[in-house]
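Please read the structure below before turning to the comments.
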Amino acid sequence: MIGQLRHRGPDGHGYFRDHHAALGHARLSIIDEAGGGQPMASPDGRFWLTFNGEVFNYVELRAQLSDRGHQFKSVSDTEVILHAWEEWGEGCFSRFNGQWALAIWDRLERRLVLSRDRLGVRPLYYHLDRGRLRFASEIKAILADPTVHRGLDAVGMGQVLTLWSTVAPRTAFAGIAQLEPGHVAVFDAKGFRTTPYWSSTFAAEGREPQHDVDENAGALRERIIEAVRLRFLRSDVPVAGYLSGGIDSSVTAAVMAKYTDVPLHTFSLRFADAEFDEGPYQQQMVAKLGTEHHDVTVSGSDIAQAFPEVVRHAETPVLRSAPAPMFLLSGLVRAHGYKVVVTGEGADEVLGGYDLFREARVRLFWSRDPSSAKRARAAELLYPWMTRSPGQAPAFARSFFGRNLDAEDPAMSHRPRWDSTSALKGMLSPDWQAAATAVSGDELIAAMPSDSDDWDPLSRAQWLEMTTLLPGYILASQGDRMLMAHSVEGRFPFLDRNVIEFASQLPSRDKLFGLREKYLLMRAFNDLVPEAVLNRPKQPYRSPDASAFFGAGAPDWVTELTSPEAVAEAGVFDPARVGGLVAKCVRTGGQNLGNTDCMRVLAVLSTQLIHQQFIAADGAQLPSATSQEPTVAVDFVEHNDRSTK
Amino acid sequence: MTPLEADRILRDWVAARDELRDAELQAVANALFLEETFGVSLSDVDIDPSVIGSVSGMRAVIARHLG
C-alpha cells in the first residue's frame, strides 16, 4: 500500500504493526526533516500516529501543551498532534488550524481514530468489509489489496454526472468511501462510526454583525495576512507561490513577498490558445512584486498526452480537462526544486467569486416577477459577450437562466448547472441509467443544515459549493491530486479557519456587491494588487476540452478507449451513443462543440481510463512497491519490538 | 440602517459598478443592487432610467423605503 503512495511521500517511509492494526506512512518532509519520521508514537507507546498534511498553528499549540507539562523530543507538528490528542482527545481537532488526514491507533483501547481537515484539503479514503478497515490517502493504495473488489459506483457516477463530482462519503468506486471533511471516525469493537467536529455555517440573514465595510475589509486583510504568513513561514523548506493572473493568487503572492528578503519564486500556467491565456495579467504582478517567475505553456496536445496520468491520480471521472494543466504546473514546480506552493484556491467559495453566485442573484431578481421583460434583461449583465450580441442574448437568457425561477428552491443557485449536467446521463448504458438518474441534487438539499432556511441566498449557494465542488473537485481532482502527483504540497490561505469563519459572518453585500464579486477582498488589498488585475473581467480557469483529444495529432488511446468493444467492456456508457459523439468529434476535430458535448467527451474518456487503469488492471500493472529502506519500522508481530530510525 | 450608512453604500456602489452605455440596462443593474442591498421592492415602472438612472433617483428610492 505504501508503494502506491510514493509520489505523495518520496522522502522516506515507515510502518507500525501489532496484532490488531498496521499503519504505514510515505513522507514528504517539510517540517523537522530530521525528526518527524512516521508512524510516530506517544511517549508511553500507547498511541501511534500516521499523518498527512500540516497543522499550521502547531507552534502555538506546542506552547499551550508545554505549559500543561508536555515534553517534546522533536520540533515537528506530528509530535504536537500526539500530545494534543493525549491532552484533549477528539477535542484537539477543533483546535487545529491546518490541512490534514490522520489516523491514531490506541494500543490500549484497540481503537483507531481517523480525522480529516475542515474542508477536505487532504483526502482520506476507507474500505470496510467484514470487520476489517483499510484506509489510505488515495484509492489506489486500498486497491493494492487484491481482496478488495474493483468496480465503479453507479450512484457516485450519478453524482459526477449531476454535481460535477462525488460528494463525501461517496466516491466513484463501489465499496470505497471517503471520510467527510470536518469529521472524525472511530473504529473499535463497537464498530465504525463518524461524527462531525466542525461544519460550515453562516449568519442568519439580517442578523450579521453590523460593521462598516472598511472595518470588515481591515479585519479580512488582517486574517488573510496571518493565514499567508503561517503558510509561508511554517516550513523548513523553501515555499513558492502560484500566480494565475487573478486577484486571489495575486493577493497571496503579494503578501508572501513581504516576508522574504530574497526574490519569491512564482509559477504560472500559460495556454497556447489565447482564449484561455492570462499571461499579461501574470506579468503585471511579476513586475510589481519582482518575483523570480517561471511558467509553462500548455497546448491541447500536452493535455491529451498527460490525461491518462492525470486520471490515474485523480481517481474519478472528470468533466473538464482543467486538472491536466495543473498536473503539468506542479511538475514545473518540482523541477525547480520546490515542494510547497501557496495558492489562491478557496477565495471564490469563501468570498463569493463564482459566476454561479452572480447567476443566482440575477435569477433571484428575475424570479420576483418572471413575466417582467425588464427583469429578464438582468441576465445580460452576467457576461460581456451577452451585451456584445444583443440579438442572441435575450433568447439565451430566457432558455437557460430563466428556467425554474423558484425563489423557494434552496438550490436555486445550482439548479441550472445540475439540470444541464444531468443531460450527460443519457450517455449511460441501460444498466447504469436507473441508479445514476436517481441522483438529482435533492438529497443534498435534504442534508442542508436545519438553520439554512435563515441564511441569505448567497450563503446557501456558498454552502452547496463548499460541500460539493470544493472538496470533490477543486481541492481534489484539480488540487491535492495534481500537486501530489509531483510530490508538491499546496497550501491555501483562503481556507484558513479564521478566514472562513470570519467570512461566513459577513453580510452578503460585502462579498457580492450588486454583481461585483469578491468585493471585500478587492477593497482589502487594493494597495497591493494593480488596478488592472483588481478590475479585470472575471476569467474562470478553463482549458481546451474536446478539441485537445481530436483532430490532428490525437493520441491513439482515444481511439482505442472509445471503440465499441472497449466501451462495451467497461459497461458504463452506451457504445452507440459514444460512437455518435466520437463521430461528431472526429468530424469537427472537437472544435466548436457545445459545453454539454465537451463534458460528455471528458466524462467518457476519463471513465474509460478509470476502467482501464483501476478496474481491468490487475495488481501487477499498478506501480510497484517502494524499494527504499524504511525510516521507521516497528513490528510487534514478527518481533517483540523492532525499530529503526 | 441609517440614512447616512445607506448613502455611503450607495456611493460605494456608484464607484464599484460597471458603467454601461445602455441606460435601460444600467437601470436594471441599479434595481438589482437596490433590491439586494436595501430590501426594497421595485415595480417595472421603477426599473427605468428616469427613476433610478441617477444617484439622486436611487437615493430617493432608498429614502422612501427607509421612511
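Protein sequences appear in the order of chains S and H.
Number 842 in the numbering used here belongs to position 482 of the first sequence; there are no gaps in the numbering.
Number 44 in the numbering used here belongs to position 20 of the second sequence; there are no gaps in the numbering.
Don't be surprised by glycine CBs; every beta carbon is placed ideally from N, CA and C.
For clarity, every value in this text was computed on a predicted model and none was experimentally measured.
request  = Can you say whether S/GLN570 is buried or exposed, counting buried as having 16 or more other CB atoms within 10 angstroms of its CB?
outcome  = The count along the first sequence starts at 1 and reaches residue 570 of chain S at position 210. Under this definition S/GLN570 is an exposed residue.
query = chain S beta carbons: is any one of them nearer than 8 Å to that of H/ASP36?
reply = The residue given as residue 36 of chain H occupies position 12 in the second sequence. So yes, H/ASP36 belongs to the interface.
key: S/ALA980, DSSP secondary structure in three states   = Residue mapping note: residue 980 of chain S aligns to position 620 of the first sequence, counting from 1. Confidence in S/ALA980 is poor, its pLDDT being 42 and thus under 50, which makes the residue's placement too unreliable to answer from.
message = Considering just the uninterrupted stretch of the alpha helix (DSSP H) at S/ASN886, what are its terminal residues?
response = Sequence index remark: in the first sequence, residue 886 of chain S carries index 526 (1-based). In the DSSP assignment, S/ASN886 falls outside any alpha helix (DSSP H), carrying neither H nor E.
inquiry  = Would you say S/LYS734 lies against chain H (beta-carbon separation less than 8 Å)?
reply    = By 1-based counting over the first sequence, the position of residue 734 of chain S is 374. Judged by the 8 Å Cβ criterion, S/LYS734 is in contact with chain H.
request  = Name the residue from S/SER789, S/ILE805, S/ALA807, S/LYS785 whose alpha carbon lies nearest to the alpha carbon of S/THR797.
outcome  = As a working mapping, residue 797 of chain S is identified with position 437 in the first sequence. The shortest C-alpha separation from S/THR797 is found at S/LYS785.
message = Can you look up S/ALA382 in the DSSP assignment and give me helix, strand or coil?
response = Within the first sequence, residue 382 of chain S is the residue found at index 22, counting from 1. Of the three classes helix, strand and coil, the one that applies to S/ALA382 here is strand, per DSSP.
request  = Pick out the complete beta strand (DSSP E) segments inside the segment 593 to 619 of chain S, 3 residues or longer, and give them in chain order.
outcome  = With a minimum length of 3 residues, the continuous beta strand (DSSP E) runs that stay inside the segment 593 to 619 of chain S are 600 to 602.
key: Whole-number beta carbon distance between S/LEU742 and S/TRP524, since they are thought to touch under 8 Å   = To locate residue 524 of chain S, count along the first sequence from 1; it is residue 164. To locate residue 742 of chain S, count along the first sequence from 1; it is residue 382. About 19 Å separates the beta carbon of S/TRP524 from that of S/LEU742, a gap too long to meet the 8 Å contact definition.
query = Buried or exposed: which applies to H/ALA54, given that a residue is buried once 16 or more other Cβ atoms fall within 10 Å of its Cβ?
reply = Locating residue 54 of chain H in the second sequence gives position 30, where the first residue counts as 1. One point to set straight first is that residue 54 of chain H is Asn, not Ala, in the sequence displayed. That one is buried.
inquiry  = Looking at S/PHE562: is its Cβ nearer than 8 Å to the Cβ of S/SER819?
reply    = Indexing the first sequence from 1 puts residue 562 of chain S at position 202. Indexing the first sequence from 1 puts residue 819 of chain S at position 459. By the CB criterion at 8 Å, S/PHE562 and S/SER819 fall inside the cutoff.
task = May I ask you to report which of helix, strand or coil DSSP gives S/TYR485?
result = Within the first sequence, numbered from 1, the residue matching residue 485 of chain S stands at position 125. Correct three-state label for S/TYR485: strand.
query = What's the call for S/ALA908, buried or exposed, on a 16-neighbour Cβ count within 10 Å?
reply = Start at 1 with the first residue of the first sequence, and residue 908 of chain S comes out as number 548. Its Cβ being crowded by 16 or more others within 10 Å, S/ALA908 is buried.
inquiry  = For the segment 49 to 70 of chain H, list every residue whose C-beta sits within 7 Å of some C-beta in chain S, in sequence order.
reply    = Closer than 7 Å at the C-beta level to chain S, one finds these residues of the segment 49 to 70 of chain H: LEU49, VAL52, ALA53, LEU56, PHE57, GLU59, GLU60, THR61, ASP68.
ask   = Is the shortest distance between the beta-carbon of S/ALA783 and the beta-carbons of chain H less than 8 Å?
value = Translated into the one-based positions of the first sequence, residue 783 of chain S becomes position 423. Output row for S/ALA783: interface = no.
query = For S/TRP408 versus S/PHE453, is the C-beta spacing smaller than 8 Å?
reply = Translated into the one-based positions of the first sequence, residue 408 of chain S becomes position 48. Translated into the one-based positions of the first sequence, residue 453 of chain S becomes position 93. Cβ distance not < 8 Å, so S/TRP408 and S/PHE453 don't count as in contact.
inquiry  = Checking 8 Å against the spacing of the C-beta atoms, do S/HIS487 and S/ILE464 come in under that value?
reply    = For this step, residue 487 of chain S is matched to residue 127 along the first sequence. For this step, residue 464 of chain S is matched to residue 104 along the first sequence. Note that the C-beta distance between S/HIS487 and S/ILE464 is not below 8 Å.
ask   = So is S/GLY740 in contact with chain H if we call contact Cβ pairs under 8 Å?
value = Taking the first sequence and counting its residues from 1, the one referred to as residue 740 of chain S is at position 380. Residue 740 of chain S is actually Glu in this sequence, not Gly. It does: the Cβ of S/GLU740 has a partner Cβ on chain H nearer than 8 Å.
message = So S/ARG591 and S/VAL702 are supposed to be a Cβ contact under 8 Å. How far apart are they, rounded?
response = Translated into positions along the first sequence, residue 591 of chain S becomes position 231. Translated into positions along the first sequence, residue 702 of chain S becomes position 342. About 5 Å separates the beta carbon of S/ARG591 from that of S/VAL702, a gap short enough to meet the 8 Å contact definition.
message = 8 Å is my cut-off, CB to CB: does H/ALA30 come that close to chain S?
response = Numbered from its first residue, the second sequence carries residue 30 of chain H at position 6. For H/ALA30, the answer is no, since every Cβ of chain S falls outside 8 Å of its Cβ.
query = Whole alpha helix (DSSP H) runs in the segment 916 to 980 of chain S with 4 or more residues, listed along the chain?
reply = Those alpha helix (DSSP H) runs which fall completely within the segment 916 to 980 of chain S and span 4+ residues are 916 to 921, 924 to 930, 935 to 948, 955 to 970.
message = Buried or exposed for S/ALA444, going by 16 or more other Cβ atoms inside 10 Å?
response = As a first step, residue 444 of chain S is located in the first sequence; it is residue number 84 there, counting from the start. If you draw a 10 Å sphere on the C-beta of S/ALA444, you find 16 or more other C-beta atoms in it, and that means buried.
query = Taking C-alpha atoms, which residue in S/VAL992, S/VAL994, S/PHE974, S/THR991 lies nearest to S/ALA504?
reply = Residue numbering aside, residue 504 of chain S sits at position 144 when the first sequence is read from its first letter. The shortest Cα separation from S/ALA504 among S/VAL992, S/VAL994, S/PHE974, S/THR991 belongs to S/PHE974.
inquiry  = I'd like the list of long-range same chain contacts for S/LYS944, defined as Cβ closer than 8 Å, with 5 residues on each side in sequence excluded.
reply    = The residue you call residue 944 of chain S lines up with position 584 of the first sequence. Closer than 8 Å at Cβ, skipping near neighbours: LEU953, ASP957.
query = Just the Cα atoms here: how many angstroms apart are S/LEU866 and H/GLY63?
reply = For the purposes of this step, residue 866 of chain S is identified with residue 506 of the first sequence, where counting begins at 1. For the purposes of this step, residue 63 of chain H is identified with residue 39 of the second sequence, where counting begins at 1. Distance between the alpha carbons of S/LEU866 and H/GLY63 is about 17 Å.
request  = Using three-state DSSP, classify S/TYR833 as helix, strand or coil.
outcome  = Translated into the one-based positions of the first sequence, residue 833 of chain S becomes position 473. Per DSSP, reduced to three states, the secondary structure at S/TYR833 is helical.
request  = Identify every run of the beta strand (DSSP E) within the segment 489 to 574 of chain S, keeping only runs that are complete inside it and at least 3 residues long; order them along the chain.
outcome  = Those beta strand (DSSP E) runs which fall completely within the segment 489 to 574 of chain S and span 3+ residues are 492 to 496, 543 to 548, 551 to 556.
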